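Q: The opening residue of the sequence shown carries number 1 in the UniProt record's numbering; numbering runs sequentially from there. Take a look at the following structure, please.
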Amino acid sequence: MPQFPPASAPPALDFQQVRKTYPGQPQPALHDLTLHVPRGSRMGIIGRSGAGKSTLVRLISGLDHADAGVLLARGEVVHGPQLRAHQARTGLVFQQFNLLAQRTALQNVALPLELRGVPRARRDALAREQLRLVGLEALADRYPAQLSGGQKQRVGIARALVTGPDLLLADEATSALDPETSASILTLLLDIQQERDLTLVIVTHQMEVVRAVTTHVAVLDHGTIVETGETGTVLRAPQHPVTRALLGAHRPQVPLADHETLRHLTLPDLNPDTLAALARSGARLVQAQAHLQGVDVWLAVSAHLPLHLPGSAPLAVGA
1 MPQFPPASAP
11 PALDFQQVRK
21 TYPGQPQPAL
31 HDLTLHVPRG
41 SRMGIIGRSG
51 AGKSTLVRLI
61 SGLDHADAGV
71 LLARGEVVHG
81 PQLRAHQART
91 GLVFQQFNLL
101 AQRTALQNVA
111 LPLELRGVPR
121 ARRDALAREQ
131 LRLVGLEALA
141 DRYPAQLSGG
151 QKQRVGIARA
161 LVTGPDLLLA
171 DEATSALDPE
181 TSASILTLLL
191 DIQQERDLTL
201 VIVTHQMEVV
211 RAVTTHVAVL
221 DHGTIVETGE
231 TGTVLRAPQH
241 PVTRALLGAH
251 RPQVPLADHE
261 TLRHLTLPDL
271 NPDTLAALAR
281 SGARLVQAQA
291 HLQGVDVWLA
301 VSAHLPLHLP
311 GSAPLAVGA
């Protein structure tokens with residue numbers, strides 16, 4: 001269970017009624033957007049294509065500014081002198097890696113320090129330390145063309161960490177990777193977040209990413225946050241149609257008997273006792289997928305009959 005700072009501590013990010021419009025666009029990219037990211041949390045921001053995720057990433061990272069609203073980071077307004085300080089304390093991991101082809105892995109990681117005027121010996125030492133953290137110290141002298149997609153993303157993560165940020169922003173960091181590599185990158189991000197006590201913001205269109213590693217989630221649609229809360233609460237009982245649609249897109253497409261309905265559970269594990277208990281309850285296992293927080297299970301169950309799992313009260317059945 002993650003440990004969060006006291007309630008009196010300012011949140012990592014607090015956006016209030018934010019609006020952003022681009023010239024020539026009839027509709028604002030973001031409007032009336034309110035987002036609260038607790039310090040030390042792992043916040044997933046999920047939305048479909050065109051929801052406004054890219055614009056929100058630019059505002060969070062300080063690469064763009066809002067037309068209206070209040071943007072607070074660590075309790076301070078992100079504007080003027082505070083903007084540069086916010087950027088210095090924010091690490092950004094890109095979807096397409098954004099590595100310089102003519103630079104080695106070590107040189108790519110060291111680039112933010114070079115731009116700040118850090119002496120070469122110092123920046124190389126810090127860059128090598130980050131490469132060791134992501135498991136690539138032995139590949140420090142390789143160029144991006146000599147690295148796999150997963151290795152390139154690890155270099156990108158090391159580069160985002162080299163300045164010592166307290167906020168790490170991952171923009172679709174696994175969407176260009178195969179499932180196995182994606183899982184390893186998510187595990188790495190989770191380990192780093194916990195080891196360094198960072199606030200991690202993951203922007204994604206993949207519900208499985210949100211389910212796997214986040215503590216909180218915000219659902220973005222047509223430029224505004226339509227639902228937010230702790231991940232488990234939102235996924236168990238989604239309130240907004242967009243959230244339900246995003247969850248529904250991941251429902252297994254299987255034939256059901258007239259008396260059956262699909263039920264989703266997240267279990268600590270799927271051991272023989274649990275399987276036997278599900279069978280006694282008349283449940284049919286449709287799909288199971290392990291992730292960092294347990295096992296996602298889809299069951300075909302008889303409507304209105306409770307499920308009896310070992311060590312727990314009967315669970316009511318719901319679609």
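Yeah, the Cβ is synthetic: ideal placement off N, Cα and C, and Gly gets one too. Since we're looking at a predicted model, the values are computed, not measured.
#1: Between the beta-carbon of Gln146 and the beta-carbon of Leu136, is there less than 9 Å?
#2: From the DSSP output, in three-state form, read off Ser302 for me.
#3: Would DSSP call Ala176 helix, strand or coil?
#4: On the criterion of 16 or more Cβ atoms from any shown chain inside 10 Å, does Leu13 qualify as buried, or is it exposed?
#5: Since I believe Val93 is in contact with Leu169 (beta carbons under 8 Å), could you give me their beta-carbon distance rounded to a whole number of angstroms?
#6: Report the residue ranges of all beta strand (DSSP E) runs contained in full by the segment 229–267; include only those spanning at least 3 residues, in chain order.
#7: What residues are listed by DSSP as bridge partners for Gln289?
#8: Taking its Cβ as the centre, do 16 or more other Cβ atoms sit within 10 Å of Glu260, making it buried, or is it exposed?
#9: Ordered along the chain, which non-local residues of its own chain (more than five positions away) have a Cβ less than 8 Å from that of Leu30?
#10: Can you tell me which residues form a DSSP beta bridge with His216?
#11: Tell me the rounded alpha-carbon separation between residue 345 and Arg128.
#12: For Arg132 versus Ala105, is the C-beta distance shorter than 9 Å?
#13: Determine, using beta carbons only, whether Leu265 and Leu247 come nearer to each other than 9 Å.
#14: Sort Ala276, Ala290 and Val254 by Cα distance to residue 352 and report the nearest one.
#15: Counting along the chain, where does the alpha helix (DSSP H) carrying Gln130 start and finish?
#16: So Gly150 packs on Leu177, CB below 8 Å; how close in whole Å?
#17: Helix, strand or coil for Leu63, going by three-state DSSP, please let me know.
#18: Give the straight-line distance between the Cα atoms of Leu113 and Val162, rounded to the nearest whole angstrom.
#19: Between the beta-carbon of Arg39 and the beta-carbon of Thr199, is there less than 9 Å?
#20: Please go through the same chain and pick out, in chain order, the residues whose beta-carbon is closer than 6 Å to the beta-carbon of Glu76, but skip the five residues on each side of it.
#21: Between Ala173 and Gly156, is the Cβ-Cβ spacing less than 9 Å?
A: On the basis of the coordinates in this document:
#1: Start at 1 with the first residue of the sequence shown, and residue 146 comes out as number 146. Start at 1 with the first residue of the sequence shown, and residue 136 comes out as number 136. No; because the gap between Cβ atoms is not below 9 Å, this pair is not in contact.
#2: Residue 302 sits at position 302 when you count from the first residue of the sequence shown. Correct three-state label for Ser302: strand.
#3: Counted from its first residue, the sequence shown places residue 176 at position 176. Residue state for Ala176 is assigned as coil, using DSSP reduced to three classes.
#4: Walking along the sequence shown from the start, residue 13 turns up at place 13. Leu13 comes out buried.
#5: Taking the first residue of the sequence shown as 1, we reach residue 169 at position 169. Taking the first residue of the sequence shown as 1, we reach residue 93 at position 93. Their Cβ separation, rounded to whole angstroms, is 7 Å, which keeps Leu169 and Val93 in contact under 8 Å.
#6: With a minimum length of 3 residues, the continuous beta strand (DSSP E) runs that stay inside the segment 229–267 are 260–267.
#7: Start at 1 with the first residue of the sequence shown, and residue 289 comes out as number 289. Partner(s): Asp296.
#8: For the purposes of this step, residue 260 is taken as the residue at position 260 of the sequence shown. That one is buried.
#9: Taking the first residue of the sequence shown as 1, we reach residue 30 at position 30. Residues of the same chain with a CB within less than 8 Å of the CB of Leu30, apart from the 5 flanking positions on each side, are Val18, Arg19, Lys20, Gly52, Thr55, Leu56, Leu59, Ala66, Gly223 and Thr224 in chain order.
#10: Residue mapping note: residue 216 aligns to position 216 of the sequence shown, counting from 1. According to DSSP, residue pairing for His216 in a beta bridge involves Met43 and Glu230.
#11: In this structure the chain extends from 1 to 319, so residue 345 is not present and cannot be described.
#12: Along the sequence shown, one-based indexing puts residue 132 at 132. Along the sequence shown, one-based indexing puts residue 105 at 105. Not in contact: Arg132 and Ala105 (Cβ atoms no closer than 9 Å).
#13: The residue given as residue 265 occupies position 265 in the sequence shown. The residue given as residue 247 occupies position 247 in the sequence shown. If you check the CB distance, Leu265 and Leu247 do not come in under 9 Å.
#14: Because residue 352 is not part of the residues shown, which for the chain are 1 to 319, the question remains open.
#15: As a first step, residue 130 must be located in the sequence shown, where it is residue number 130. Arg120 to Leu133 is the span of the alpha helix (DSSP H), which, as asked, contains Gln130.
#16: Taking the first residue of the sequence shown as position 1, residue 150 is located at position 150. Taking the first residue of the sequence shown as position 1, residue 177 is located at position 177. Contact between Gly150 and Leu177 holds: their C-beta atoms lie close to 6 Å from each other, under 8 Å.
#17: On the sequence shown, residue 63 is found 63 positions in, with the first residue counted as 1. If DSSP states are grouped into helix, strand and coil, Leu63 belongs with coil.
#18: Here residue 113 refers to the residue found at position 113 of the sequence shown. Here residue 162 refers to the residue found at position 162 of the sequence shown. Using only the alpha carbons, I get a separation of about 8 Å.
#19: Here residue 39 corresponds to residue number 39 of the sequence shown, with the count starting at 1. Here residue 199 corresponds to residue number 199 of the sequence shown, with the count starting at 1. A contact, by the Cβ cut-off of 9 Å.
#20: Residue 76 sits at position 76 when you count from the first residue of the sequence shown. Counting only Cβ-Cβ distances below 6 Å, and skipping sequence neighbours, we find Gln82.
#21: As a working note, residue 173 is residue 173 in the sequence shown. As a working note, residue 156 is residue 156 in the sequence shown. Closer than 9 Å, so yes.
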